[in-house]
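Novice: So the sequence shown is numbered by UniProt numbering: it starts at 1 and just counts up by one.
Ideal Cβ positions, reconstructed from N, Cα and C, are used throughout, including at glycine.
Before I ask anything, let me first share the structure, which is written out below as structure tokens.
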Amino acid sequence: MKIHQLKAFVAVADSHSFNEAARLLFVSQPAVAKAIRELEIWAGRQLVIRSSRGTQLTPDGVSLLRRARGILDQVARAEHEFAGSGPHEHVNLGLTTSASVAVTPTLVDFKKRNPDTGWTVLGGSRRPLFEKLYNHTLDLVIATLPDNLEEMGTGLRFEPLLRLPTVLTVAKGDPLEKARSLADLTQAEWLFAESEQSFDHHFRGAFAEAGVDRLPSFTRCESTFLVLALAARPNTVTMWTGLAPSAMKLQLKVLGENISSLALKEKLPDITVCIVYRSDLIMTPAIQRLLDQMRRLKDRDTLDLGPDAPMLSVG
Numbered sequence: 001m002k003i004h005q006l007k008a009f010v011a012v013a014d015s016h017s018f019n020e021a022a023r024l025l026f027v028s029q030p031a032v033a034k035a036i037r038e039l040e041i042w043a044g045r046q047l048v049i050r051s052s053r054g055t056q057l058t059p060d061g062v063s064l065l066r067r068a069r070g071i072l073d074q075v076a077r078a079e080h081e082f083a084g085s086g087p088h089e090h091v092n093l094g095l096t097t098s099a100s101v102a103v104t105p106t107l108v109d110f111k112k113r114n115p116d117t118g119w120t121v122l123g124g125s126r127r128p129l130f131e132k133l134y135n136h137t138l139d140l141v142i143a144t145l146p147d148n149l150e151e152m153g154t155g156l157r158f159e160p161l162l163r164l165p166t167v168l169t170v171a172k173g174d175p176l177e178k179a180r181s182l183a184d185l186t187q188a189e190w191l192f193a194e195s196e197q198s199f200d201h202h203f204r205g206a207f208a209e210a211g212v213d214r215l216p217s218f219t220r221c222e223s224t225f226l227v228l229a230l231a232a233r234p235n236t237v238t239m240w241t242g243l244a245p246s247a248m249k250l251q252l253k254v255l256g257e258n259i260s261s262l263a264l265k266e267k268l269p270d271i272t273v274c275i276v277y278r279s280d281l282i283m284t285p286a287i288q289r290l291l292d293q294m295r296r297l298k299d300r301d302t303l304d305l306g307p308d309a310p311m312l313s314v315g
């Protein structure tokens, strides 16, 4: 097995085409075909099927693909860390909008303590970020706990960090400030960072308790800056983690707006913030330091998530 063979294999798997793989790798199509043939000889089995409908992986090819991505990821990491004058550590992190406010101060502190550690931070919703975990594009993802772990696939570990109350806010001075039940908020515009399924899972029971059998419509917004700009609009309800309103006061003040938390009679489900990583993740010193610092968040859990909270594995 050679690196150029794995690169050709991954390129073919991603593009479903030998010609396109050759274009992406800046080599000839026969060179790609030769690399795949040599890899299949090494593996002792067929990895790729070519047909008029395109190129597909065999079950053995699918099994090898994940390992190939991991090997190429580690090669690229080594090339990056040892480029120039010496080793340079790097962490690739994914961060969902809902979890970002709860962990941003810790991440800023980590960067302050580790100025020589490079990092890439990608935002977005859970599923695309988890796909990047599988593809070895990301090392870690910090996200709210999924409604159904099995839907996220196999091979991931979910380690709870914080369990926080759900907080709903409206613009200060808005008539919605007087709301004391979710039933008073059905005509408002809701801002939510997760999917429709998550909104349904998170709020259906609470709305049923309030005597409402139909959930309000909501605007899904994954941009923290846009949420900040929209949260103080009239007739708008925004969902945050328990830390968010206080953490965002400065930004809201800069925007010339303000928000007010609602005190409702219904019990809203708590939000669990997790750190997620592959079961086969290679723990570099930088990744281990970040994990250790994130785990210290358990000490400030507002809902008593103890330091020995279990780690959940899928697959």
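Along the chain, which unbroken stretches of the beta strand (DSSP E) at least 3 residues long are found entirely within the region 187-270?
Specialist: Within the region 187-270, the complete beta strand (DSSP E) runs of at least 3 residues are 189-192, 218-220, 236-241 and 259-261.
Novice: By the three-class DSSP mapping on this structure, what secondary structure does Asn-19 have?
Specialist: Locating residue 19 in the sequence shown gives position 19, counting from the first residue. Correct three-state label for Asn-19: helix.
Novice: In angstroms, rounded to a whole number, what distance separates the CA positions of His-16 and Leu-57?
Specialist: On the sequence shown, residue 16 is found 16 positions in, with the first residue counted as 1. On the sequence shown, residue 57 is found 57 positions in, with the first residue counted as 1. Cα to Cα, His-16 sits roughly 9 Å from Leu-57.
Novice: Consult DSSP for Gln-56 and reduce its assignment to one of helix, strand or coil.
Specialist: Within the sequence shown, residue 56 is the residue found at index 56, counting from 1. Strand, per DSSP.
Novice: Is the region 275-295 touching the region 171-183, taking contact as three or more C-beta pairs under 8 Å?
Specialist: Result no; under three Cβ-Cβ pairs closer than 8 Å.
Novice: According to DSSP, is Phe-26 part of a helix, a strand, or is it coil?
Specialist: Along the sequence shown, one-based indexing puts residue 26 at 26. Residue state, collapsed to three classes: coil.
Novice: On the DSSP bridge assignment, give the partners of Phe-42 in chain order.
Specialist: Counting from 1 along the sequence shown, the entry for residue 42 is found at position 42. The sequence shown places Trp at residue 42, rather than the Phe named in the question. For Trp-42, which the question treats as bridged, DSSP gives no partner whatsoever.
Novice: What span of residues does the alpha helix (DSSP H) with Ala-102 cover, start to end?
Specialist: For the purposes of this step, residue 102 is identified with residue 102 of the sequence shown, where counting begins at 1. Per DSSP, Ala-102 belongs to the alpha helix (DSSP H) from 97-113.
Novice: Decide yes or no for the touch test of the region 187-207 against the region 218-228: beta carbon pairs closer than 8 Å, at least 3 of them.
Specialist: Segments in contact, yes.
Novice: Quick one: using the 10 Å Cβ neighbour count with 16 as the cut-off for buried, is Trp-240 buried or exposed?
Specialist: Mapped onto the sequence shown, residue 240 falls at position 240. By the neighbour-count rule (16 or more Cβ atoms within 10 Å), Trp-240 is buried.
Novice: Identify the continuous beta strand (DSSP E) that holds Leu-140 and give its terminal residues.
Specialist: Translated into positions along the sequence shown, residue 140 becomes position 140. Run containing Leu-140: 140-144, per the beta strand (DSSP E) assignment.
Novice: Quick check: the region 206-213 against the region 256-275, are at least 3 beta-carbon pairs closer than 8 Å?
Specialist: Yes: the two stretches touch, three or more of their Cβ pairs being nearer than 8 Å.
Novice: Measure the alpha-carbon distance for Leu-107 versus Leu-140 and round it to whole angstroms.
Specialist: The count along the sequence shown starts at 1 and reaches residue 107 at position 107. The count along the sequence shown starts at 1 and reaches residue 140 at position 140. The alpha-carbon atoms of Leu-107 and Leu-140 are separated by roughly 13 Å.
Novice: Count the other CB atoms within 10 Å of the CB of Asn-19; is the residue buried (16 or more) or exposed (fewer)?
Specialist: For the purposes of this step, residue 19 is identified with residue 19 of the sequence shown, where counting begins at 1. Result: exposed.
Novice: How is Glu-159 classed by DSSP in three states: helix, strand or coil?
Specialist: Indexing the sequence shown from 1 puts residue 159 at position 159. Here Glu-159 sits in strand by DSSP.
Novice: Tell me the DSSP bridge mates of Gly-118?
Specialist: In the sequence shown, counting from the first residue as 1, residue 118 sits at position 118. His-90, per the DSSP bridge assignment.
Novice: Would you kindly work out how many angstroms separate the C-alpha atoms of Ala-31 and Ala-22, rounded to a whole number?
Specialist: Numbered from 1 along the sequence shown, position 31 holds the residue referred to as residue 31. Numbered from 1 along the sequence shown, position 22 holds the residue referred to as residue 22. Rounded to the nearest angstrom, the two C-alpha atoms are 8 Å apart.
Novice: Closest to Pro-59 by CA distance: which of Arg-45, Ile-41, Glu-189 and Ala-231 is it?
Specialist: As a position in the sequence shown, residue 59 is number 59, starting the count at 1. For Pro-59, the nearest C-alpha among the options comes from Arg-45.
Novice: DSSP state of Gly-70, grouped into three classes?
Specialist: Residue numbering aside, residue 70 sits at position 70 when the sequence shown is read from its first letter. Residue state, collapsed to three classes: helix.
Novice: Give every residue of the same chain whose Cβ lies closer than 6 Å to the Cβ of Gly-123, excluding the five residues on either side of it in the sequence, and list them in chain order.
Specialist: Stepping through the sequence shown from its first residue, residue 123 is reached at position 123. Here the set comprises Leu-95.
Novice: Between which residues of its own chain and Ala-8 is the CB-CB distance below 7 Å, once the five residues before and five after are set aside?
Specialist: Counted from its first residue, the sequence shown places residue 8 at position 8. Hits under 7 Å: Ala-21, Leu-25, Val-32, Ala-35 and Ile-36.
Novice: Starting from the C-beta of Gly-256, find all residues in its chain whose C-beta is less than 7 Å away, skip the five residues before and the five after it, and write them out in chain order.
Specialist: Taking the sequence shown and counting its residues from 1, the one referred to as residue 256 is at position 256. Confidence at Gly-256 is low in this model, with a pLDDT of 49, below 50, so its placement is unreliable and the value that follows should be read with caution. Taken in chain order, the list of residues that qualify is empty.
Novice: Quick one: grab the DSSP three-state call for Arg-180.
Specialist: For the purposes of this step, residue 180 is identified with residue 180 of the sequence shown, where counting begins at 1. Arg-180 falls in the coil class under three-state DSSP.
Novice: Could you spell out the range, first to last residue, of the beta strand (DSSP E) harbouring Ile-282?
Specialist: For this step, residue 282 is matched to residue 282 along the sequence shown. Here Ile-282 belongs to no beta strand (DSSP E), and DSSP marks it neither H nor E.
Novice: With 16 other CB atoms within 10 Å as the buried threshold, where does Gln-5 fall?
Specialist: To locate residue 5, count along the sequence shown from 1; it is residue 5. By the 10 Å Cβ count, Gln-5 comes out buried.
Novice: With a CB to CB cut of under 8 Å and the five nearest residues on each side skipped, what residues in its chain are close to Gly-211?
Specialist: Numbered from its first residue, the sequence shown carries residue 211 at position 211. Ala-183.
Novice: Alpha carbons only, please: which of Gln-197, Thr-186, Leu-226 and Ala-229 is nearest the one belonging to Asp-213?
Specialist: Stepping through the sequence shown from its first residue, residue 213 is reached at position 213. Cα-wise, what sits closest to Asp-213 is Thr-186.
Novice: Are Leu-291 and Ile-271 touching if we call contact CB-CB under 8 Å?
Specialist: Residue 291 sits at position 291 when you count from the first residue of the sequence shown. Residue 271 sits at position 271 when you count from the first residue of the sequence shown. Their beta carbons are not under 8 Å apart, which means Leu-291 does not touch Ile-271 by this criterion.
Novice: For a test of the three-state rule: what should DSSP assign to Ser-63, helix, strand or coil?
Specialist: Within the sequence shown, residue 63 is the residue found at index 63, counting from 1. Reduced to three states, the DSSP call for Ser-63 is helix.
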